[in-house]
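Residue numbers (the working numbering): 186 to 342. As structure tokens, the structure follows; a few thoughts come after it.
Encoded structure:
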């Protein structure tokens, strides 16, 4: 079976723009990982015999935060967003890959959200909707992606 990302890069469509996930989306998962590592250390130093009781429950919660943070970092690292001549493509996944292609012809709406911090650090959320699909990610240069989508949509009409 072919790798989806490799298959995409060798397809006949050329990539007009590649959006990247902004570093700010890594802050909370890294924070969870750092805080959760205390629970992992507690478990490694004292073992499972001390996992009963109040400190054990707190340790299990911290281990959960650690795992959740690691998974979120890996998921963000493996997210790819491409704009081609006719599609907006999202590729996500850790062990398996999920690829969603939104046709620029059927693009119904875009919603750009940028806070003051987002304007300062140049990140935001661009929500793109078509009939049944909606995708939203923290990305770098959301205005640039919006302009590329609008320009590509006008060319495809």
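The beta-carbon is built from N, C-alpha and C at its ideal position, and this holds for glycine as well.
Cβ distance (whole Å) where residue 207 is taken to contact residue 275 below 8 Å: Their Cβ separation, rounded to whole angstroms, is 15 Å, which puts residue 207 and residue 275 out of contact at 8 Å.
Whole-angstrom C-beta distance between residue 273 and residue 295, which should lie under 8 Å: That pair is no contact at about 10 Å.
Which runs of the alpha helix (DSSP H) fall wholly inside the stretch 216-266 and span at least 4 residues, in chain order? Runs found: 239-262.
Pick out the complete alpha helix (DSSP H) segments inside the stretch 272-323, 4 residues or longer, and give them in chain order. Taken in chain order, the complete alpha helix (DSSP H) segments of 4 or more residues contained in the stretch 272-323 are 301-306.
Residues near residue 260 in its chain [Cβ-Cβ closer than 7 Å; skip 5 each side]: 277 and 279, listed in sequence order.
State the DSSP-derived secondary structure class of residue 326, mapped to helix, strand or coil. Here DSSP, grouped into helix, strand and coil, assigns residue 326 to coil.
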